[in-house]
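Below: the structure, in structure tokens.
Number of protein chains: 2
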Amino acid sequence: MSQMTNDSTYWRAFDENKVSHSVAHYLMAIDHLRSELGYARVTDVAGLMNISRGAASLALSHLKEKGLVEEDPNRFLLLSEEGNSLARTIEHNFVLLTCFFENVLGMDPDIARADACKIEHLLSEESSKALIRFLRILLSKKDFIQELSQNIKNAGDVCEGDAPCPLCEPSGECLMPHTDALKSCPLQTRTD
Amino acid sequence: MSQMTNDSTYWRAFDENKVSHSVAHYLMAIDHLRSELGYARVTDVAGLMNISRGAASLALSHLKEKGLVEEDPNRFLLLSEEGNSLARTIEHNFVLLTCFFENVLGMDPDIARADACKIEHLLSEESSKALIRFLRILLSKKDFIQELSQNIKNAGDVCEGDAPCPLCEPSGECLMPHTDALKSCPLQTRTD
DNA sequence: AATCGTTGTTAAGTAAACATAACACTTGCT
DNA sequence: AGCAAGTGTTATGTTTACTTAACAACGATT
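As given, the protein sequences belong to chains W and X, one line each in that order.
This note's numbering numbers the first residue of the first sequence as 1 and each following residue consecutively.
This note's numbering numbers the first residue of the second sequence as 1 and each following residue consecutively.
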């Protein structure tokens with residue numbers, strides 16, 4: 001156990017993700033087109049994603065080989081059961097993350113969506129499940145969350161000494177000015 | 001404004017990120033080696049990341065061209081001011097995300113770290129700032145967070161009808177069984 | 001029936017990141 | 001001094017994911 005943190009290779013899990021960012025968007029494009037237009041062709045996917053038909057054709061034939069995309073009798077694009085599952089999971093993650101950034105952290109909606117889009121396909125099932133439970137609980141406490149996101153917006157960028165911060169305590173230095181490049185700020189040890 | 005969501009190209013922001021996942025780890029490897037060994041050479045970076053020296057040499061010379069990595073008078077590797085800034089930001093993001101997954105969501109530490117590692121370099125400065133403020137506030141409420149992460153662990157996977165869920169309400173369908181592939185679950189509209 | 005437009009595929013090129021292998025250069029030992 | 005080991009670079013190849021351009025197949029219009 002804990003192989004990932006000791007064999008100096010755990011960081012490559014990023015590339016071994018089930019779907020890459022672009023694959024995620026191919027799948028969601030098909031899903032979106034089918035629910036909007038009722039069908040999805042190579043050209044539609046290319047148009048929606050703003051890439052060339054050639055690129056879409058190659059990528060999609062790859063996804064057919066991998067069993068994520070299929071064709072219906074009229075050669076329109078379909079998601080396989082697995083492809084559909086992946087697309088839905090990623091779409092759900094997008095919703096969850098956007099909701100968290102926007103409603104809990106009180107962030108700008110555009111930035112919230114942009115960040116969610118980058119992360120949506122990388123969340124583990126565990127994170128995804130925990131996040132949705134977290135949001136359900138937190139969002140039911142309307143007054144609490146209102147106050148919270150207000151406090152976040154108004155908080156300063158440096159810890160005030162009076163309130164000992166559990167984030168800073170382990171290292172003994174304040175993590176708040178983390179945008180300041182030159183401030184040395186030792187962190188918990190990592191193997192790389 | 002809101003160009004990102006309408007020009008059918010916003011999803012590529014992923015590839016236009018300032019640093020890729022691997023670049024992030026090259027920078028952090030140098031940082032880590034210098035604080036552990038006092039120096040960093042191509043071979044050390046390659047050894048730590050478990051890649052070939054050739055790959056490390058190429059990648060690092062690229063990073064020198066980009067101005068993120070430099071050499072000291074003895075040809076040991078150094079982070080430039082910008083490189084150092086990036087490394088620290090990403091390391092901070094890792095700490096924040098791990099803390100969130102582990103202490104707020106109550107997730108398994110190994111999974112928490114693995115997920116944080118995938119995301120750390122993708123967080124916008126806004127997310128990062130908001131997250132640290134959020135954690136500071138939340139972690140100061142020890143009893144609240146204790147109860148929260150317990151509730152998350154014990155929560156079921158389906159919404160119970162009695163408590164109207166703000167996540168499900170917009171779509172009218174329950175978002176909880178999001179691991180179930182076949183359950184149709186309309187989401188807020190996206191352009192792809 | 002011939003042509004034009006759309007569609008999908010294929011070919012060839014680019015760029016990022018890895019791999020392996022061969023090489024040059026230094027350093028330290030004997 | 002000479003050789004072996006360690007270090008860094010370079011050459012070449014692979015994979016992924018895009019580009020543009022050429023091409024074949026098909027349908028609709030005239």
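Yeah, the Cβ is synthetic: ideal placement off N, Cα and C, and Gly gets one too.
Contact set for residue i: own chain, Cβ-Cβ below 7 Å, skip 5 residues either direction
{"i": "residue 100/W", "result": "131 and 135"}
{"i": "residue 82/W", "result": "67 and 68"}
{"i": "residue 123/X", "result": "93"}
N-terminal and C-terminal residue of the alpha helix (DSSP H) that residue i is part of
{"i": "residue 63/W", "result": "53-65"}
{"i": "residue 23/W", "result": "21-36"}
{"i": "residue 118/X", "result": "109-119"}
{"i": "residue 153/X", "result": "142-154"}
{"i": "residue 48/W", "result": "42-49"}
Own chain, CB closer than 6 Å to residue i, minus 5 neighbours either side, in chain order
{"i": "residue 29/W", "result": "45, 48 and 49"}
{"i": "residue 18/W", "result": "none"}
{"i": "residue 70/X", "result": "78 and 80"}
{"i": "residue 84/W", "result": "none"}
{"i": "residue 98/W", "result": "112, 113 and 116"}
Helix, strand or coil at residue i [DSSP, three-state]
{"i": "residue 135/W", "result": "helix"}
{"i": "residue 9/X", "result": "coil"}
{"i": "residue 15/W", "result": "coil"}
{"i": "residue 74/X", "result": "coil"}
{"i": "residue 127/W", "result": "helix"}
{"i": "residue 105/W", "result": "coil"}
{"i": "residue 96/W", "result": "helix"}
{"i": "residue 122/X", "result": "coil"}
DSSP bridge partner residues for residue i (one or two, in chain order)
{"i": "residue 69/X", "result": "79/X"}
Residue i versus residue j - alpha carbon distance
{"i": "residue 155/W", "j": "residue 133/X", "result": "7 Å"}
{"i": "residue 39/W", "j": "residue 33/W", "result": "6 Å"}
{"i": "residue 79/X", "j": "residue 31/X", "result": "7 Å"}
{"i": "residue 88/X", "j": "residue 37/W", "result": "46 Å"}
{"i": "residue 62/X", "j": "residue 26/X", "result": "11 Å"}
{"i": "residue 114/X", "j": "residue 74/W", "result": "42 Å"}
{"i": "residue 146/X", "j": "residue 110/X", "result": "20 Å"}
{"i": "residue 102/W", "j": "residue 149/X", "result": "21 Å"}
{"i": "residue 86/W", "j": "residue 127/X", "result": "25 Å"}
{"i": "residue 144/X", "j": "residue 14/W", "result": "33 Å"}
{"i": "residue 20/W", "j": "residue 120/W", "result": "11 Å"}
{"i": "residue 188/W", "j": "residue 95/X", "result": "Any reading at residue 188/W is ruled out, since the residue's pLDDT is 33, under 50, leaving its predicted position unreliable."}
{"i": "residue 118/W", "j": "residue 11/X", "result": "8 Å"}
{"i": "residue 67/W", "j": "residue 22/W", "result": "16 Å"}
{"i": "residue 137/W", "j": "residue 112/W", "result": "20 Å"}
{"i": "residue 9/W", "j": "residue 16/W", "result": "11 Å"}
{"i": "residue 51/X", "j": "residue 141/X", "result": "43 Å"}
{"i": "residue 125/W", "j": "residue 151/X", "result": "18 Å"}
{"i": "residue 139/X", "j": "residue 104/W", "result": "15 Å"}
{"i": "residue 108/W", "j": "residue 108/X", "result": "30 Å"}
Own chain partners of residue i with C-beta closer than 8 Å, once the 5 adjacent residues on each side are dropped
{"i": "residue 42/W", "result": "53, 56, 57, 60 and 77"}
{"i": "residue 35/W", "result": "none"}
{"i": "residue 129/W", "result": "none"}
{"i": "residue 153/X", "result": "106"}
{"i": "residue 90/X", "result": "19, 24, 27, 28, 120 and 121"}
{"i": "residue 64/X", "result": "70 and 71"}
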